[in-house]
Amino acid sequence: MTDWDVIVVGAGNAALCAALAAREKCERVLVLERSPEDESGGNSRFTAGAMRVAYAGVEDLRKLMPDLTDEEVARTDFGTYTEAQFLDDMARVTQYRCDPDLTEILVKRSLDTLIWMRSKGMRFVPIYGRQAFKIDGRFRFWGGLTVETVGGGPGLVDTFTQAARKNGIEIWYRARASALLNDDGGVHGVRVRRAGKSLDVRARAVVLAGGGFQANPEWRARYLGPGWELAKVRGTRFNTGDVIAMALEIGAAPTGNWSGCHAVGWERNAPEFGDLAVGDQFQKHSYPFGIMLNASGKRFVDEGADFRNYTYAKYGRVILAQPGQFAWQVFDQKVLYLLRDEYRIRQVTKRTANTLEELVGKLDDVDATAALDELRRYNAAVQAQTPFNPNVKDGRATKGLAVDKSNWANTLDTPPFEAYAVTCGITFTFGGLRINTGAQVLSTDGEPIPGLYAAGELVGGIFYFNYPGGTGLTNGAVFGRIAGANAAASG
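Everything in the sequence shown is counted per this note's numbering, starting at 724 for the first residue and increasing by one.
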């Protein structure tokens, strides 16, 4: 007799979805979490809890949020986000490289999976604060991202941890998986380092959901390229690629965008790893309504190329490539009301001024003369005859610049001016293990490895180059649920 029916490695969103789904079909489920309990949950604990989901209208959303009042519905344009739109967004932002079979499952099972999560105790609310603007008395959602978990990432992890315990799932903290127990018949358990001792824990099947390798500077430099060891890590310090390495050592196939990652504009002076007291508030995502300057005083990216949801995960890489690995985001009074709450936290590197000349002189490590010239050129290039509308890609652009801004281009002419220093914050890596549509890990020969399943960040083939906001948690939940159910039914 084995020790357990299913062992899940990790205790974040994907892992806990796997554990809860497995428990529906078997009795003995064990979760192994490398971190201490107060840091548990992997990157999931550091997120804002937004989850991208396909929905046909407000009635679908009410299945997730039955507490929505008629008054809220009346004052909100939730619109629709169809499966076709979700598929198109995934294809477009990954340059049509995302695995079509896995992506179809991600999209088509998104709503059903969130409804299932709700059945396990998860609660959802509309993302009024970050994904909707109030125009003419009504909130309008944009960018295909509408719902988030109550309490954000910490709320998600705590809710599912309590649900796991309520369902009789055992969780071992400070339990670091070091190897898979494997023979010709497949995977039969995990070698674990716990309380200073190594032990072999056997199971009928194992689900790997222990995150990517973003917290490993050596792997970042090896796979993402030179300079990536200098990036800040937005989330947990425990996602160092060990779980991926365990699978590769027994012949699992690597796949996906191993030189790619989700990386954003992040507070320049943030700590090396995520701070749970601050969470994701070090991010600085209102750049579409301003401009960004590098150390040479130059703009270097089209801040208004698309909605923030479709550019933020790739612009961290662009910032990292600038001299000194930083930039300044600059805004004027006209758009300050649009800045997200994260700009108001205490831990920001912020400069304010009443003239542009004064502002550029306050921007640390920036060529002030070049910066002032750049701001003046930008102001002169704004096509002000086009109306500004933050809810749509408004076509209010610049004309004639080396890097034109495509939307939301406002002149910087109304004090006070504000500037915020940002660097690159890496969220998770895109390369990982190859799975099939049943979440089975495939070998380098292309066959499923018996008894081994995977979900979440450590799965490759889904995200390339970029990322539609809120898809990571949905991806982890969809495939975590599949992995757990199939693992429980195996053997």
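Note that the Cβ used here is the ideal one computed from N, Cα and C, for glycine as well. This structure is a prediction, so every number in the text was calculated from the model and none was measured.
Of all C-beta pairs linking the region 1095-1113 to the region 1031-1042, fewer than three are shorter than 8 angstroms, placing the two stretches out of contact.
Take Trp-951, set aside five residues on each side of it, and the residues of its chain with a beta-carbon closer than 6 angstroms to its own are Arg-943, Ala-944, in chain order. Using a 10 angstroms sphere on the CB of Arg-1069, the tally of other CB atoms stays under 16, which defines it as exposed.
Our two residues, Gly-1161 and Ala-1210, have alpha carbons roughly 9 angstroms apart in a direct line.
Of Phe-801, Ala-1144, Asp-726, the smallest CA-CA separation from Trp-1051 is found for Ala-1144. Apart from sequence neighbours up to five positions away, the residues of its chain that approach Ser-1129 with a beta-carbon distance below 7 angstroms are Asp-1025, Gly-1027, Ala-1028, Ala-1120, ordered along the chain.
Between Asn-980 and Tyr-1176, the C-beta spacing is not below 8 angstroms. About 16 angstroms separates the Cβ atoms of Arg-957 and Phe-1049, ruling out a contact at the 8 angstroms cut-off. Just measuring C-alpha positions, the residue of Arg-746, Arg-798, Leu-787, Gln-854 sitting nearest Val-1115 is Gln-854. Ala-1103 carries a helical assignment under DSSP once its states are collapsed to helix, strand and coil. Taking C-beta separations shorter than 8 angstroms and ignoring five residues to either side along the sequence, the partners of Ser-921 in its chain run Ser-901, Arg-914, Val-915, following chain order. By the Cβ-count criterion, Tyr-819 is exposed, with fewer than 16 other Cβ atoms from all chains shown falling within 10 Å of its own Cβ. Scanning its chain for C-beta atoms nearer than 7 angstroms, with the 5 sequence neighbours on each side dropped, one finds around Thr-1146 the residues Lys-955, Trp-989, Arg-991, Ile-1042, Gln-1048, Phe-1049, in chain order. Two segments are said to touch when three or more pairs of C-beta atoms, one from each, lie closer than 8 angstroms; by this definition the region 925-944 does not touch the region 870-878.
The closest CA to that of Asp-824, considering only Gly-1207, Asn-1159, Gly-1195, is found on Asn-1159. Counted as a single uninterrupted DSSP element, the stretch harbouring Val-1115 is not any beta strand (DSSP E), since DSSP gives it neither H nor E.
One Cα belongs to Gln-1004, the other to Gln-1108, and the distance between them is close to 35 angstroms.
Nearest neighbour of Gly-983 by Cα position, chosen from Thr-817, Arg-863, Ile-850, turns out to be Thr-817. Just measuring C-alpha positions, the residue of Thr-1194, Leu-971, Arg-1100, Gln-1045 sitting nearest Arg-1157 is Leu-971. Residue range 1140-1152 is occupied by the beta strand (DSSP E) that includes Gly-1148. Judged by DSSP in its simplified three-state form, Leu-999 adopts coil rather than helix or strand.
When the five nearest sequence neighbours on each side are left out, the beta carbons in the same chain lying within less than 6 angstroms of the beta carbon of Val-752 are those of Val-729, Ala-742, Ala-745, Arg-746, Ile-892, in order along the chain. The C-alpha of Trp-1131 is placed about 21 angstroms away from the C-alpha of Arg-815. The continuous alpha helix (DSSP H) containing Pro-823 extends over residues 823-831.
Excluding sequence positions up to five before and after Met-969, its CB lies within less than 7 angstroms of the CB of Ala-900, Ala-902, Leu-903, all in the same chain and listed in chain order.
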